[in-house]
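Chemist: Chains as they are written, first to last, in this note's numbering: chain R, 1 to 363; chain W, 1001 to 1363; chain F, 2001 to 2363; chain X, 3001 to 3363.
Think of the CB as a built atom: it goes at the ideal place given N, C-alpha and C, for glycine as much as any other residue.
Since the model is a prediction, treat every value here as computed from it, not as a measurement.
Number of protein chains: 4
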Amino acid sequence: MKNTFGNNVTLTLFGESHGNAIGCVIDGIASGLEVNEDEISRLLSLRRPAGAISTARREEDKFEILSGVFNGRTTGTPICITIPNKDTRSADYGAMARLARPSHADYTAHVRYSGYEDYRGGGHFSGRITAALVAAGGILIPALNRKGIFIGTHVKECAGVSDRDFGDICDDIKVLSGMEFAVLDTEKADAMKARILDARSEGDSVGGVLETAVVGLDAGIGEPWFDTLEGMISHAVFSIPAIKGIEFGAGFEFARMRGSEANDAFCIESGRVCTKTNNAGGINGGITNGMPIVFRSAVKPTPTISKEQETIDYVNIESATLSAAGRHDPCIVHRARIVVDCVTALVIADALSGKYGTDWLAK
Amino acid sequence: MKNTFGNNVTLTLFGESHGNAIGCVIDGIASGLEVNEDEISRLLSLRRPAGAISTARREEDKFEILSGVFNGRTTGTPICITIPNKDTRSADYGAMARLARPSHADYTAHVRYSGYEDYRGGGHFSGRITAALVAAGGILIPALNRKGIFIGTHVKECAGVSDRDFGDICDDIKVLSGMEFAVLDTEKADAMKARILDARSEGDSVGGVLETAVVGLDAGIGEPWFDTLEGMISHAVFSIPAIKGIEFGAGFEFARMRGSEANDAFCIESGRVCTKTNNAGGINGGITNGMPIVFRSAVKPTPTISKEQETIDYVNIESATLSAAGRHDPCIVHRARIVVDCVTALVIADALSGKYGTDWLAK
Amino acid sequence: MKNTFGNNVTLTLFGESHGNAIGCVIDGIASGLEVNEDEISRLLSLRRPAGAISTARREEDKFEILSGVFNGRTTGTPICITIPNKDTRSADYGAMARLARPSHADYTAHVRYSGYEDYRGGGHFSGRITAALVAAGGILIPALNRKGIFIGTHVKECAGVSDRDFGDICDDIKVLSGMEFAVLDTEKADAMKARILDARSEGDSVGGVLETAVVGLDAGIGEPWFDTLEGMISHAVFSIPAIKGIEFGAGFEFARMRGSEANDAFCIESGRVCTKTNNAGGINGGITNGMPIVFRSAVKPTPTISKEQETIDYVNIESATLSAAGRHDPCIVHRARIVVDCVTALVIADALSGKYGTDWLAK
Amino acid sequence: MKNTFGNNVTLTLFGESHGNAIGCVIDGIASGLEVNEDEISRLLSLRRPAGAISTARREEDKFEILSGVFNGRTTGTPICITIPNKDTRSADYGAMARLARPSHADYTAHVRYSGYEDYRGGGHFSGRITAALVAAGGILIPALNRKGIFIGTHVKECAGVSDRDFGDICDDIKVLSGMEFAVLDTEKADAMKARILDARSEGDSVGGVLETAVVGLDAGIGEPWFDTLEGMISHAVFSIPAIKGIEFGAGFEFARMRGSEANDAFCIESGRVCTKTNNAGGINGGITNGMPIVFRSAVKPTPTISKEQETIDYVNIESATLSAAGRHDPCIVHRARIVVDCVTALVIADALSGKYGTDWLAK
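1. Figure out for me which residue from Thr-2344/F, Pro-2241/F, His-2018/F, Asp-2061/F has the closest Cα to the Cα of Val-2333/F.
2. Gly-1357/W versus chain X: which residues are under 8 Å apart at the beta carbon?
3. I'd like to know if Val-111/R contacts chain W, where contact means its C-beta is closer than 7 Å to some C-beta of that chain.
4. Taking 7 Å as the CB-CB cut-off, is Asp-3341/X touching chain R?
5. Can you list, in chain order, the residues of its chain with a C-beta nearer than 8 Å to that of Gly-1290/W? Leave out the 5 residues immediately preceding and following it.
6. Where do the N-terminal and C-terminal ends of the alpha helix (DSSP H) with Thr-3108/X fall, by residue?
7. For Gly-3023/X versus Ala-3132/X, is the C-beta distance shorter than 7 Å?
8. Going straight from the alpha carbon of Ala-1370/W to that of Thr-1311/W, what length do you get?
9. Could you check the C-alpha separation between Arg-2048/F and Ala-2236/F for me, to the nearest Å?
10. Measuring straight from C-alpha to C-alpha, what distance separates Ile-268/R and Asn-279/R?
11. With three or more beta-carbon pairs closer than 8 Å as the criterion, would you say the region 3114-3128 of chain X touches the region 3153-3166 of chain X?
12. Tell me whether Ile-240/R sits in a helix, a strand or coil according to DSSP, three-state version.
13. Step through the CB atoms of chain W and report whether any lies within less than 7 Å of the CB of Asn-85/R.
14. Counting only runs that start and end within the region 3192-3274 of chain X, where is the alpha helix (DSSP H) found for 4 or more residues in a row?
15. Report, in whole angstroms, the separation of the C-beta atoms of Phe-2248/F and Ser-3239/X, which I expect to be a contact under 8 Å.
16. Identify which residue in Arg-3200/X, Val-3206/X, Asn-3085/X has its Cα closest to the Cα of Phe-2254/F.
17. For a contact defined as C-beta to C-beta under 8 Å, what are the partners of Leu-3217/X on chain F?
18. Terminal residues of the continuous alpha helix (DSSP H) containing Lys-174/R?
19. How is Val-1294/W classed by DSSP in three states: helix, strand or coil?
20. Which residue wins for smallest C-alpha separation from Ile-1129/W, given the options Gly-1259/W, Met-1192/W, Asn-1003/W?
21. Could you check if Arg-164/R is buried or exposed, using at least 16 other CB atoms within 10 Å of its CB as the buried criterion?
22. Under 8 Å, with one C-beta from each stretch per pair, do the region 2060-2072 of chain F and the region 2030-2043 of chain F reach the 3-pair mark?
23. Using a threshold of 7 Å, state whether the C-beta atoms of Val-1136/W and Ile-1221/W are closer than that.
24. Given this structure, state the Cα-to-Cα distance separating Leu-1013/W from Val-2069/F, to the nearest angstrom.
25. Ala-3250/X to Glu-3223/X, Cα distance in whole Å?
26. Which residues in the same chain as Thr-1228/W place their Cβ atom closer than 6 Å to its Cβ, once the five residues preceding and following it in sequence are excluded?
27. Under a CB-based cut-off of 7 Å, is Gly-121/R close to chain W?
28. When you compare the CB of Ser-2103/F with every CB in chain X, is at least one pair closer than 7 Å?
29. List, in chain order, every chain R residue whose beta-carbon is nearer than 7 Å to that of Asn-3036/X.
30. Per DSSP, Ser-1162/W forms a beta bridge with which residues?
31. Quick check on the DSSP output: the alpha helix (DSSP H) that includes Pro-3084/X runs from which residue to which?
32. By the criterion of Cβ-Cβ separation under 8 Å, what are the contact partners of Arg-3337/X in chain F?
33. Residues of the region 1003-1028 of chain W in Cβ contact with chain X at a cutoff of 8 Å, in chain order, please.
34. In whole angstroms, what is the alpha-carbon distance linking Leu-197/R and Ser-1353/W?
35. Would you verify that the beta carbon of Gly-2259/F is, or is not, closer than 7 Å to some beta carbon of chain X?
36. Let me see if you follow: with CB-CB separation under 7 Å, is His-124/R close to chain X or not?
Laid out in structure tokens, this is it:
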């Protein structure tokens, strides 16, 4: 059990919220891939909090590529990217008592690491670590794009408001790519934001559902047992804090369908094998069938809220009451979407580099 | 991407539906664990088709332990278990044309393995391979039980009928353990079965939702990034054919909750840290918090149905019509539940053997 | 730490000397590779004891391919091969006392597996397990040959007699391929055998050195750190019982050379980059340079001898004297050579399948 | 094939000689281990060039711990350590022609990375990367010491001069620990240094043999197949540039021994199982037997020499002559010894953390 993902292209995350820096190491990557630092910055900006619907705290996310890139291209050796933590004047954490924020990882971190965890700002469990993941995505996503593979995620549901379904997925992904609050029906964004602000004003937070599509993948990617594509994607996606569910294609709706409704009839379009429907979300038997991959991830409401909550002091093991002062995100659904894109890119880059070889991605 | 799961305790599956045998290799297991062949047989019988709601084909599942067990106990070396395939007189598969069963893996297997796949009866993609997984579970589950860890799964929903929620989970798991059609409210089983028979009589099939609980796990199991407990469980569970979604705790319901409703307040009961609710399904930040693990898996309707379906001949790449003759399962939800128990046992045995050491499970 | 090797093509070994069967699972292999059972049998026969210089016990090595092969070709799914153990009427092992054969694994197995090991005939530590490794080699070696890659090992030194060095390596490998006692200078074989018989008549055993060459490998295979080609080969080769040393190219002789003697000058021959000498054994910086890979492995004398030896009863922890009755190999150097070929084939098949992709080996 | 080593405690190396920084990530480490930055610095100083027998170039090796350490102890999360590259004013590398230094990795790197490698100063292949490995050792070695496990390496042979054998290994290791030029017989150091200076004055270089011992390891560490302790150690040690051979215990000398001489008789000393000799180097069947681990590594002469050498321009694929100007090490044997200690510590920390559990090392 490790902080690393992937068999061929691997990503290792490190860092704590209030430590010197966070970062990642990408290994197994093809040599010769263009690395565009502006694109990395652009993806990081999509993850960064902005506006009234996010925390007031502003992170700069200035990254440094320490290794593995030379003359603007990957060398094929491990790429270490660091993002220094600025302006982390931690409050006085010296107190002997520590309160577990409900549904946060404070308590589980304390048990897992026998009390030696860096508890400041959530430490290694902080959502801030996802910035490193996005930086890695800033290299992987353009590489996949050059191979005709595109990934896009929209806020399918937030605070009770639903976005429209994917239509022409290729077009939709293009539109989503630059959006700060990624929805397909922009009117719905306003409604969602209004409800987020409502929750915020009540010292509360909201959750949602992200829907992701991947187009351009060949049929034949994945394994029948264990390393199914669903298994690999879910493994990666669940490491995003706040994700608590994932479903592919019709997902849980399958439970209410009959086989005759659920099955995707195969057909031939312009000499290419397709299915008439895509209830399977592009995956049969753990392996891509050439149709778009479609999956949805459930995002729980941000656990940090300013409403008073019952909890415990987990150092002294006694009851306590928590009133979180300070800044927090009333919603992270819209910020998480680029993180889902990036972990999906990692899974796909890994699978393709295994199937077609180490250097394929740069060919 | 491999047909192996696990870092410390690993399971490798092999075999094809109509080959000589299917089986598995379990490695990294503690030495000295009792191996009760009757218990393995009992678990296999729970997976085996039975009665009118299942396929008419009967498999014997007589297994042989080839290695790794001596004098009734694990030796600590790799355990190979084989289950010979009996009575697999394949129909004449010699025809030049092959029809892709919709939402089956026939086509993706053909592409993935460049036409060299053993296509008879679904080959390596057959649900029959899960028998080997259950055989492994027959060693792992009793070992976890001896450590006070219990796993149980019930048919939460099938063909539109819902079972009651878990109540006292420890008691519920005990009751479920011996049931052929595992529900908590036995009246619901009759309603479900009636609807399965309806579907069957119409040449159709149904899906459902399985709900799994694990009790007795210490707090502190899992990793913050990538090898979160949710990530590991989902990775394993998605390799069960027909599973298309998974959610932990409140799962997709989180999307409609506010943080103040969603958060699980910590409290102290008899000196032990608990949470008042368990929306997190026992996992915070990817790590167990000591509460029961609870997750639900979506099972799609069996894709093999006798209704006529449009499809293609994937050898000649042309349209075709498929009328599946012969025996099939109108529902596999109830049969899949023991498989979910077994993969869950694998994930947990793996995680605990990593955390506490190779020999811990037998101590 | 596992009984599995490889990242892309993996091999898992299982079985005990006196259990039901030994065997292996090969995963990650390309689909469409021809599987020639006669060739597997032929390689197994090279490993099998024969004549007066080997143990009197005769093993049949009749293998069965349980999965992963269909119509004479690999399907791309895991290949399980089993070799049943015949005629293993174990002596009465029921005694309470057990004597550790010096320099055997009896004692370490007992400690490692907390007394639950299958101790009969060396159990999982028996050289017999290498038969499964050779069976795997019977699939991998022909596949590499079809790619122009050839592997050959000769008995470089045995009981104080030295074979000549490799000359034209391609020719030498061809000659070695069918030999039962593989030497380049056949007169030396007679001298070696005579000394082996001497040792045998004195109830003793001898060791030796195996020298292996690989031709046909592209430059560019390997990694700079950790997964260097030397690191991968040595990792695999050391799992052959009795191997206690390995050196690449000039190896330990480098210690007595100056840089100006040791360095291999690069040159161009027929437009191809070569080196004038091959002290590096074909590997620079962990990566192949296109010259033949050359390495030597030290084989210790068979630890089982009939001379009386001091030892302990490791159950009762008391001193004892051991006089091994029964059959044993006075030398296993010549039998080990095909095993070295097979593990080398595994390392190379794994590395190439990673570099060029899963399906490359069958293209 | 990756730049990462280990199953439980893993080490990933990154960086290029003339890039921004080199470094490593250690994952899977127990929480609560003391981290003494002075000890890390001390180990780094043992690796650093010094005096006339080393390159004139001086590296500062000022490291920074970016993550995973809090209040002077490991947190249990990934530890990233970086060492910035100072003063790397690369020569004008802009020329279109590039000469392959014989027996260096320039050419193989060029092929492996398709021409995108950072070729400045050896790039990712530079011995400088071992500084990151030593920094990791600076955390692992003290942790092992606290568990009663000690590792020591001496220059057994250099430029034709041999050091004495290990005597009382525990005492010897203590003495070696602080030595810059680590020999057991200090007079031999002077002779070795004299010969190194001779080679240097002739524009040449020398090699040697390092001998390593590990004491304090329990019996029972290792696996019978593939992940034997010899296999794991050799895998790690061969990633040290210049290592071309490794032998355990009697190693290649076994080839000239009879079984009756080679076998280590078991005996009981103060109730503890020992062997009278230690030809096996502490390992039987891939598993520790409780005796000291002893192995020797062959170090080739530094390939960079100032003597004129024939070579090629590997960009234009034409013959060339190389006269390496500038600073180089006439010998790196004495500098490599701390690196061998550190990779050995990694293998052992990994094995023990697997066997006894994640947290064991800090208990």
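Modeler: So, to answer that:
1. For the set Thr-2344/F, Pro-2241/F, His-2018/F, Asp-2061/F, the Cα lying nearest the Cα of Val-2333/F is the one of Pro-2241/F.
2. Within 8 Å Cβ-Cβ: Gly-3354, Lys-3355, Tyr-3356, Gly-3357, Trp-3360.
3. Closer than 7 Å: yes.
4. So no, Asp-3341/X is outside the interface.
5. The beta carbon of Gly-1290/W sits closer than 8 Å to those of Leu-1217, Asp-1218, Ala-1219, Arg-1272, Val-1273, Cys-1274, Gly-1282, all from its chain and outside the five residues before and after it, given in chain order.
6. Residues 3106-3112.
7. Their beta carbons are under 7 Å apart, which means Gly-3023/X touches Ala-3132/X by this criterion.
8. Residue coverage of chain W in this structure runs from 1001 to 1363, which leaves residue 1370/W outside it and unanswerable.
9. Linking Arg-2048/F to Ala-2236/F through their CA atoms gives a straight-line distance of about 21 Å.
10. Distance from the CA atom of Ile-268/R to the CA atom of Asn-279/R, rounded to whole angstroms, is 17 Å.
11. No: the two stretches stay apart, fewer than three of their Cβ pairs being nearer than 8 Å.
12. In this structure, DSSP gives Ile-240/R a state outside helix and strand, which the three-state scheme calls coil.
13. Not an interface residue.
14. Taking 4 residues as the shortest admissible run, the region 3192-3274 of chain X contains the following complete alpha helix (DSSP H) segments, listed from N- to C-terminal end: 3229-3237, 3259-3262.
15. Separation of the CB atoms of Phe-2248/F and Ser-3239/X is rounded to 13 Å, and the pair is thereby denied contact status at 8 Å.
16. Cα-wise, what sits closest to Phe-2254/F is Val-3206/X.
17. Neighbours of Leu-3217/X across chain F, judged by C-beta separation under 8 Å, do not exist; the nearest C-beta is about 12 Å away.
18. Looking at the DSSP string, the run of the alpha helix (DSSP H) that includes Lys-174/R is 169-176.
19. Reduced to three states, the DSSP call for Val-1294/W is strand.
20. Considering only alpha carbons, the answer is Asn-1003/W.
21. The residue in question, Arg-164/R, is exposed, as its Cβ has fewer than 16 Cβ neighbours within 10 Å.
22. Yes: at least three Cβ pairs fall under 8 Å.
23. Per the sequence shown, residue 1136/W should be read as Ala rather than Val. Not closer than 7 Å, so no.
24. Leu-1013/W and Val-2069/F: Cα-Cα distance of roughly 15 Å.
25. So the two alpha carbons sit approximately 21 Å from each other.
26. Hits under 6 Å: Gly-1222, Gly-1286.
27. Output row for Gly-121/R: interface = no.
28. True, the Cβ-Cβ gap to chain X drops below 7 Å.
29. Residues of chain R whose Cβ lies closer than 7 Å to the Cβ of Asn-3036/X do not exist; the shortest such Cβ separation is about 16 Å.
30. Looking at the DSSP assignment, Ser-1162/W forms a beta bridge with Glu-1157/W.
31. Per DSSP, Pro-3084/X belongs to no alpha helix (DSSP H); it is in the beta strand (DSSP E), 3079-3084.
32. Near Arg-3337/X there are no residues of chain F at all, since even the closest Cβ is about 14 Å away, more than 8 Å.
33. For the region 1003-1028 of chain W, which is checked against every Cβ of chain X, the residues closer than 8 Å are Asn-1007, Asn-1008.
34. Leu-197/R and Ser-1353/W: Cα-Cα distance of roughly 46 Å.
35. For Gly-2259/F, a Cβ of chain X is located within less than 7 Å of the residue's own Cβ.
36. His-124/R counts as touching chain X.
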